[in-house]
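Shown next, in structure tokens, is the structure this report addresses.
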Amino acid sequence: MWLGWSTGRRLLAFRRRLQLCRNVSLPNSARGAVEDGVLSKFRSICGEDGISLGEAVREQHGKDESVHRCCPPDVVVFPRCVEEVSALARVCHKHNLPIIPFGTGTGLEGGVGAVQGGVCFSLRNMDQILDLHPEDFDVTVEPGVTRKSLNAYLRDTGLWFPVDPGADASLCGMAATSASGTNAVRYGTMRENVMNLEVVLADGTIIHTAGKGRRPRKTSAGYNLTNLFVGSEGTLGIITKATLRLYGIPEAMVSAVCSFPSVQTAVDSTVQILQAGVPIARIEFLDDVMIDACNRFSSLSYAVTPTLFLEFHGSERSLEEQVNTAEEITQSNGGSDFQWARDAETRSRLWKARHDAWYAAQALRPGCKAYSTDVCVPLSRLPQIIMETKEDLIESRLTGPIAGHVGDGNFHCLMVVDPSDPDELHRVHLFTERLARRALAMDGTCTGEHGVGLGKRALLREELGPQAIQVMQGLKDALDPKQLLNPEKILQHKEQ
Amino acid sequence: MSGRVLVGVKRVIDYAVKIRVKPDNSGIVTDGVKHSMNPFCEIAVEEAVKMKEKKLIKEVVAVSCGPQQSQETIRTALAMGADRGIHVEVSGKDYETLGPLQVSKIMAALAKKEDAQLIILGKQAIDDDCNQTGQMTAALLDWPQGTFASEVSLEGDKIKVVREIDGGLETIKINTPAVLTADLRLNTPRYATLPNIMKAKKKKIANVKPADLGVDLTSRLEVLRVDEPPQRQAGMKVETVEDLVGKLKESGKV
Chain U
1 MWLGWSTGRR LLAFRRRLQL CRNVSLPNSA RGAVEDGVLS KFRSICGEDG ISLGEAVREQ
61 HGKDESVHRC CPPDVVVFPR CVEEVSALAR VCHKHNLPII PFGTGTGLEG GVGAVQGGVC
121 FSLRNMDQIL DLHPEDFDVT VEPGVTRKSL NAYLRDTGLW FPVDPGADAS LCGMAATSAS
181 GTNAVRYGTM RENVMNLEVV LADGTIIHTA GKGRRPRKTS AGYNLTNLFV GSEGTLGIIT
241 KATLRLYGIP EAMVSAVCSF PSVQTAVDST VQILQAGVPI ARIEFLDDVM IDACNRFSSL
301 SYAVTPTLFL EFHGSERSLE EQVNTAEEIT QSNGGSDFQW ARDAETRSRL WKARHDAWYA
361 AQALRPGCKA YSTDVCVPLS RLPQIIMETK EDLIESRLTG PIAGHVGDGN FHCLMVVDPS
421 DPDELHRVHL FTERLARRAL AMDGTCTGEH GVGLGKRALL REELGPQAIQ VMQGLKDALD
481 PKQLLNPEKI LQHKEQ
Chain F
1 MSGRVLVGVK RVIDYAVKIR VKPDNSGIVT DGVKHSMNPF CEIAVEEAVK MKEKKLIKEV
61 VAVSCGPQQS QETIRTALAM GADRGIHVEV SGKDYETLGP LQVSKIMAAL AKKEDAQLII
121 LGKQAIDDDC NQTGQMTAAL LDWPQGTFAS EVSLEGDKIK VVREIDGGLE TIKINTPAVL
181 TADLRLNTPR YATLPNIMKA KKKKIANVKP ADLGVDLTSR LEVLRVDEPP QRQAGMKVET
241 VEDLVGKLKE SGKV
């Protein structure tokens with residue numbers, strides 16, 4: 001799409017995309033866009049203090065943790081139960097108002113921006129943990145429940161929900177973006193761990209994707225509606241309950257760190273560890289630039305070379321075996337300084353570099369914003385894509401230390417960029433497009449965990465091809481013919 | 001020395017729950033509300049289990065005073081590594097008026113009965129915030145006390161305790177037997193894992209009545225009324241500094 005355009009046109013189009021959002025500073029435009037009659041209907045559904053027109057509240061609900069500009073909605077509503085969500089959706093549907101579901105605003109792809117204005121459904125008041133079945137390893141949660149609060153609730157049961165995207169995100173939001181995390185290599189992503197969803201459709205209809213209250217561990221009943229909505233980023237329906245698969249809290253954990261002479265040897269070790277059948281829980285890669293940043297930020301003294309951070313879960317005896325196997329493999333690949341720790345405090349210290357990576361990257365250039373790229377390729381292509389990406393970074397004069405979930409072939413460049421330098425912003429934008437295309441060329445995907453949101457719609461077309469995109473559009477049209485649910489996300493806008 | 005440590009664990013409303021006052025202001029709503037072990041008691045259990053893992057003591061006994069459900073709290077302590085439990089049955093009106101004085105009498109009696117070398121309690125409970133049980137227990141037994149402990153080390157028949165106090169940290173050395181109360185930074189309690197929860201089901205919990213220990217549960221205190229804190233009032237925007245000073249003077253704050 002960008003090929004063949006002149007630089008000037010590209011810059012203009014890019015700027016236009018940044019300005020997709022309507023102007024925030026005109027207070028009257030907000031009230032004008034949603035009639036008072038509709039507002040009073042909202043009030044009668046969720047109460048006087050269940051709706052907000054305040055500028056600060058709207059701005060808060062128009063942005064997430066991505067680089068995309070704030071696109072505030074015209075009004076924010078705070079439903080307290082699924083019946084209220086359904087009633088509000090019916091009103092919006094009748095009056096053709098866009099609906100944007102909002103969890104915790106911790107997304108990374110601009111998914112909550114109200115690019116056509118409309119009504120933000122802030123689901124934070126629906127915060128109940130329902131129906132815990134410890135013997136069946138499942139629990140149902142509402143959208144206001146976050147990952148950390150669920151795990152705190154579960155702590156006495158010996159169970160936990162392991163998908164860990166870093167932020168303390170809403171679990172239903174994580175389902176909507178098909179989130180993943182550092183221990184996906186062992187426990188899977190949201191796609192594997194959502195058993196059932198309660199969804200409110202564009203016209204207010206409430207459905208249960210696997211049937212109401214059902215939670216068998218496996219099923220072959222009909223179309224897989226549950227996984228249709230997982231990753232749909234609010235464009236097919238509003239998730240109001242999620243039934244999640246739980247796991248036993250590991251009996252013991254061991255963390256380890258190992259340095260490598262090159263990216264290739266680090267990735268080779270990863271592949272061999274997986275091939276050896278070690279049920280490794282986390283295997284994280286930090287490149288030399290990142291390690292250097294971490295050394296400076298946390299006053300550590302790791303060798304400034306590609307490094308793997310590993311974590312093993314299991315019983316005491318199985319841990320010993322796992323660690324020994326992993327150590328042998330890393331040594332045979334030229335790894336050095338293999339350190340490992342068993343107790344919580346030392347493990348924390350060993351992994352401190354990885355935990356502080358985000359801040360360490362930002363500290364490289366104080367005053368700058370950080371933005372994380374996200375691509376995923378087959379494991380065997382990882383060394384090549386990382387090498388080419390590092391060369392690109394140098395050529396483009398960009399700061400982008402690399403951290404990756406190397407067990408999944410997924411890595412992030414933590415781009416540190418000066419928000420007041422339009423040329424640098426532009427270089428970052430072009431770099432991320434090249435990176436995504438590089439991943440696509442290697443049989444990969446343009447987004448491993450963060451979702452498509454606002455910024456990757458064109459790349460999605462390239463990734464899937466026109467036929468698959470057409471099928472997706474067909475599904476969208478079937479479920480949301482008026483195109484009200486989170487407009488302009490995932491799929492490019494269809495002229496009505 | 002018996003090498004036996006008693007750890008008191010209290011069943012309280014979970015820290016993440018939003019507390020609501022009963023409409024008649026007689027207390028707070030507890031029915032159907034999630035309960036769990038008091039966080040400071042978790043720290044106390046963790047410290048005792050760590051001592052046992054380092055082979056400094058031989059047995060950890062978890063004690064809880066309360067109704068039938070207190071057994072769940074003892075089970076959690078057992079899953080964390082305690083060896084056995086003692087459930088002191090207190091229910092109904094007695095449970096509503098149960099406070100540090102009665103609990104400390106119970107702990108003192110149990111300490112003598114079980115020949116305990118050490119009692120570890122949480123520094124306070126998150127429901128009543130009394131911060132009295134440890135101190136009262138020590139007084140009743142005439143044992144030394146190391147309260148607000150953020151670091152504990154056993155040195156022969158003495159204990160070195162680093163205490164968190166207003167001015168900083170105070171280090172004391174006390175004789176055993178002694179009472180310790182755990183502060184926040186003493187340790188990070190472990191999670192109860194499924195295999196350990198399974199094992200805990202086989203550990204013994206003894207049932208005891210306060211009367212068997214010769215303890216009188218009559219309370220000296222009567223709760224008259226429970227109220228929520230006053231609702232936060234909306235603020236006021238002013239245009240200028242003069243307005244601000246004027247409003248402050250009006251409200252008598254300046």
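So the sequence lines, in the order shown, correspond to chains U and F.
Once you know that position 330 of the first sequence is 330 in the UniProt record's numbering, the rest is easy, because the numbers rise by one and skip nothing.
Once you know that position 2 of the second sequence is 2 in the UniProt record's numbering, the rest is easy, because the numbers rise by one and skip nothing.
From the three backbone atoms N, C-alpha and C, an ideal C-beta is built for every residue, glycine too.
Proximal chain U residues relative to residue i, where beta-carbon distance stays under 7 angstroms
i, result
"residue 116 of chain F", "By Cβ distance, chain U contributes nothing, its closest Cβ being about 26 angstroms from residue 116 of chain F, past 7 angstroms."
"residue 191 of chain F", "155, 249"
"residue 36 of chain F", "156"
Residue i versus the options, residue with shortest Cα-Cα distance
i, options, result
"residue 402 of chain U", "U:263, U:271, U:365", "U:263"
"residue 487 of chain U", "U:466, U:430, U:454", "U:454"
"residue 345 of chain U", "F:230, F:189, F:243, F:89", "F:189"
"residue 164 of chain F", "F:157, F:156, F:149, F:155", "F:149"
"residue 249 of chain U", "F:198, F:202, F:243", "F:198"
"residue 514 of chain U", "U:44, U:110, U:253, U:57", "Nothing can be reported for residue 514 of chain U, as the shown portion of chain U is limited to 1 through 496."
"residue 67 of chain U", "U:307, U:113, U:443", "U:113"
"residue 27 of chain F", "F:205, F:85, F:35, F:128", "F:128"
Rounded separation between residue i and residue j - CA only
i, j, result
"residue 173 of chain F", "residue 8 of chain F", "22 angstroms"
"residue 15 of chain F", "residue 150 of chain U", "13 angstroms"
"residue 29 of chain U", "residue 485 of chain U", "Caution is warranted here: a pLDDT of 41 is assigned to residue 29 of chain U, below 50, making its placement in the model unreliable, and the coordinate value is therefore given only provisionally. If I take the Cα positions, the gap works out to 21 angstroms."
"residue 19 of chain U", "residue 62 of chain U", "Note that residue 19 of chain U scores 47 on pLDDT, short of 50, meaning its location in the model is unreliable and no value can be drawn from it."
"residue 295 of chain U", "residue 286 of chain U", "12 angstroms"
"residue 96 of chain U", "residue 39 of chain U", "14 angstroms"
"residue 37 of chain F", "residue 25 of chain F", "25 angstroms"
"residue 365 of chain U", "residue 83 of chain F", "53 angstroms"
"residue 355 of chain U", "residue 187 of chain F", "21 angstroms"
"residue 72 of chain F", "residue 80 of chain F", "13 angstroms"
"residue 116 of chain U", "residue 98 of chain U", "7 angstroms"
"residue 136 of chain F", "residue 102 of chain F", "10 angstroms"
"residue 275 of chain U", "residue 188 of chain U", "17 angstroms"
"residue 103 of chain U", "residue 284 of chain U", "28 angstroms"
"residue 370 of chain U", "residue 221 of chain F", "57 angstroms"
"residue 30 of chain F", "residue 226 of chain F", "14 angstroms"
"residue 194 of chain U", "residue 43 of chain F", "34 angstroms"
"residue 327 of chain U", "residue 317 of chain U", "16 angstroms"
"residue 4 of chain F", "residue 175 of chain F", "15 angstroms"
"residue 60 of chain F", "residue 96 of chain F", "28 angstroms"
"residue 231 of chain U", "residue 161 of chain F", "53 angstroms"
"residue 407 of chain U", "residue 282 of chain U", "8 angstroms"
"residue 69 of chain U", "residue 134 of chain U", "42 angstroms"
"residue 211 of chain U", "residue 73 of chain U", "33 angstroms"
Short Cβ contact (8 angstroms threshold) for residue i with residue j
i, j, result
"residue 119 of chain U", "residue 131 of chain U", "no"
"residue 382 of chain U", "residue 289 of chain U", "no"
"residue 106 of chain U", "residue 167 of chain U", "yes"
"residue 182 of chain F", "residue 89 of chain F", "no"
"residue 116 of chain F", "residue 177 of chain F", "yes"
"residue 193 of chain F", "residue 59 of chain U", "no"
"residue 120 of chain F", "residue 65 of chain F", "no"
"residue 77 of chain U", "residue 240 of chain U", "no"
"residue 416 of chain U", "residue 362 of chain U", "yes"
"residue 242 of chain U", "residue 197 of chain U", "yes"
"residue 445 of chain U", "residue 413 of chain U", "no"
"residue 191 of chain U", "residue 171 of chain U", "no"
Listed by chain order, chain F residues near residue i by CB distance under 8 angstroms
i, result
"residue 168 of chain U", "Those within 8 angstroms of residue 168 of chain U in chain F number zero; the least Cβ separation is about 13 angstroms."
Under 8 angstroms from the C-beta of residue i: neighbouring residues of chain U
i, result
"residue 30 of chain F", "In chain order: nothing, as chain U lies at least about 17 angstroms away."
Residues bridged to residue i (per DSSP)
i, result
"residue 371 of chain U", "U:415"
"residue 117 of chain U", "U:115"
"residue 85 of chain F", "F:62, F:205"
"residue 145 of chain F", "F:179"
"residue 171 of chain F", "F:162"
"residue 358 of chain U", "DSSP lists no partner for residue 358 of chain U."
Residues that residue i contacts on chain F, provided the C-beta gap is smaller than 7 angstroms
i, result
"residue 114 of chain U", "Per Cβ cutoff of 7 angstroms: no residues; residue 114 of chain U is ~27 angstroms from chain F at best."
"residue 152 of chain U", "16"
Residue i: contacting residues in chain F (beta-carbon distance under 9 angstroms)
i, result
"residue 48 of chain U", "Result: empty, since nearest Cβ-Cβ is about 14 angstroms, beyond 9 angstroms."
"residue 149 of chain U", "16"
Chain U residues whose Cβ lies nearer than 9 angstroms to that of residue i
i, result
"residue 205 of chain F", "Near residue 205 of chain F there are no residues of chain U at all, since even the closest Cβ is about 16 angstroms away, more than 9 angstroms."
"residue 195 of chain F", "158, 248, 251, 315"
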